[in-house]
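Numbering (this note's numbering), first residue to last: 4 to 143. C-beta atoms are modelled at their ideal positions from N, C-alpha and C, and glycine is treated no differently. Here the structure is laid out as structure tokens; the discussion comes afterwards.
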Amino acid sequence: EAKRDARHQRRLRYMKKVLANIRGVVVRGAGRGKHLGIPTMNINMQTPPELDHGIYVCRICVGDVWRTGVMHFGPVLMFEPQNITCEVHVFDFNEDVVGADVEVEAISFIRPIKKFDTVEALIDAIENDCRVARLYFHGK
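Below, the structure written as structure tokens:
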């Protein structure tokens with residue numbers, strides 16, 4: 004009972020901060036994130052949210068389990084500038100969940116989307132985004 008109450012209290016704390024809620028299905032992507040060492044879930048959104056394009060601290064529910072991560076919402080400027088995508092790098096998770104229904108909560112804005120001059124600069128930025136998001140959750 005106490006464990007459930009603690010989970011409920013954490014959930015309420017997060018609910019106050021949700022900037023957008025995105026529902027969709029995980030689809031197979033181009034595999035660029037995995038190739039860069041930062042795999043992402045590509046979300047086919049039911050309805051794109053009213054949300055500024057950018058990088059966000061997020062939570063994602065996969066199979067009734069809430070996990071933490073970083074979300075990219077908007078165009079992938081280095082590779083597909085014409086498409087608006089929702090991609091989530093889930094911390095400490097490495098399962099193939101293509102076809103799964105998911106719910107994503109954008110919680111805190113990290114930075115705007117930027118086109119990088121090199122893949123190395125992109126990787127550095129993503130790794131920094133991950134550090135920021137992990138600090139967000141561990142600081143709560």
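Burial state of residue i (16 or more Cβ within 10 Å)
i: residue 76; result: buried
i: residue 114; result: exposed
i: residue 138; result: exposed
i: residue 43; result: buried
i: residue 60; result: buried
i: residue 124; result: exposed
i: residue 29; result: buried
Supposed contact pair residue j and residue i - C-beta distance, whole angstroms, cut 8 Å
i: residue 140; j: residue 57; result: Not confirmed; about 18 Å, so no contact.
i: residue 110; j: residue 37; result: Actually they do not touch by this definition, with Cβ atoms about 24 Å apart.
Residue i vs residue j beta-carbon contact at 8 Å
i: residue 79; j: residue 71; result: no
i: residue 133; j: residue 73; result: yes
i: residue 45; j: residue 108; result: no
i: residue 47; j: residue 27; result: yes
Other residues of its chain near residue i: CB distance less than 7 Å, five sequence neighbours each side excluded
i: residue 65; result: 100, 103 and 105
Contacting residues, own chain, Cβ-Cβ under 6 Å from residue i (five flanking each side not counted)
i: residue 167; result: The question about residue 167 has no answer, for the chain in this structure spans 4 to 143.
i: residue 69; result: 62
i: residue 52; result: 23 and 25
Ranges of the beta strand (DSSP E) found wholly within the region 47-98, counting only runs of at least 3 = 57-65, 68-79 and 83-93
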